[in-house]
Amino acid sequence: TWGSGGKAWVCNQWLADVCLFLLSRLFGLGGLAVFCYGIALLSFMAASCFLLRQEKIQSGAAIVPLFLGIMFSSIHWITRPVVFSLVLFSALYCTVHQIPAIAQRRESLRNTLLVWGFLFALCSNLHPGFTIGIALIGFRMLYCMIITATPKKETSFILKLLLAAMLMPLFGPLGIQVY
5 TWGSGGKAWV CNQWLADVCL FLLSRLFGLG GLAVFCYGIA LLSFMAASCF
55 LLRQEKIQSG AAIVPLFLGI MFSSIHWITR PVVFSLVLFS ALYCTVHQIP
105 AIAQRRESLR NTLLVWGFLF ALCSNLHPGF TIGIALIGFR MLYCMIITAT
155 PKKETSFILK LLLAAMLMPL FGPLGIQVY
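According to the working numbering, the sequence shown is numbered sequentially starting from 5.
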């Protein structure tokens with residue numbers, strides 16, 4: 005890029021490029037497109053199903069975000085690394101609402117932090133959209149601290165999750181340049 009003349013440049017989505025190349029090599033362009041379309045669709049469906057189950061809202065209200073998500077992301081429904089950020093965001097969105105239950109069980113706390121720390125380290129090499137996940141956790145933290153009287157154990161867990169999400173990507177090949 006023009007701003008990094010003379011410096012070594014590492015693509016921030018190198019791992020996604022490797023994954024997409026391997027899928028293309030194994031299944032061809034058609035298989036790669038089906039994979040990306042399928043992953044994107046499943047991500048939106050998972051978030052909508054979660055809304056139906058957890059939030060106890062009417063099915064029409066859960067379908068609206070599904071169709072809005074599909075409509076607004078339709079320009080990304082090609083074989084691009086952004087599909088990996090969709091998966092991360094969907095999974096994280098469903099998990100963030102489970103925090104009160106997770107915070108009550110000590111073994112779940114440790115396991116959740118390890119899994120999400122690993123996922124953020126992995127996703128930071130798949131697509132820069134992992135930062136949206138960090139923002140989601142940060143907003144949840146602010147919500148718990150300012151708007152609700154969230155128990156200290158829960159708030160502490162969210163803070164640890166936020167720190168793990170921010171620190172683990174630093175262990176990739178890009179280091180601090182990931183941000």
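C-beta atoms are modelled at their ideal positions from N, C-alpha and C, and glycine is treated no differently.
Sequence-distant partners of Gly35 (beyond 5 residues in either direction) whose C-beta falls short of 7 Å from its own C-beta, in its chain, are Leu27.
Residue state for Gln17 is assigned as coil, using DSSP reduced to three classes. In the displayed model, Gly176 falls within coil according to three-state DSSP, outside both helix and strand. Just so you know, the alpha carbons of Val87 and Cys15 end up roughly 17 Å apart.
Counting other Cβ atoms within 10 Å of its Cβ, Gly32 stays below 16 and is therefore classed as exposed.
For Ser89, the enclosing alpha helix (DSSP H) covers residues Val86 to Val100. The residues Ala125, Ser128, Asn129 and Val182, in chain order, have a CB closer than 7 Å to that of Gly176 in the same chain once the five nearest residues on each side in sequence are set aside. Contact annotation, Arg144 with Val100: C-beta distance approximately 5 Å; criterion of less than 8 Å satisfied. No Cβ-Cβ contact shorter than 9 Å links Ala168 with Gly133. Put simply, the backbone Cα of Ala44 is about 26 Å away from that of Asn115.
With a contact defined as Cβ atoms closer than 8 Å, Ile103 and Phe161 qualify at about 6 Å. Counting every other CB atom within 10 Å of its CB across the protein chains shown gives Gln17 a total of 16 or more, marking it as buried. Counting the other Cβ atoms within 10 Å of the Cβ of Met172 gives 16 or more, which makes it buried. Spatial neighbours of Leu19 in its own chain (CB-CB distance under 8 Å, excluding positions within 5 residues in sequence) are listed in chain order as Leu126, Asn129 and Leu130.
Excluding residues up to 5 positions away in sequence, Cys148 lie with their Cβ nearer than 6 Å to the Cβ of Thr159 in the same chain. Under the three-state reduction of DSSP output, Ala153 falls in the coil class, being neither helix nor strand. In this structure Ser94 is in contact with Ala50, their Cβ atoms being roughly 5 Å apart against a cut-off of 8 Å.
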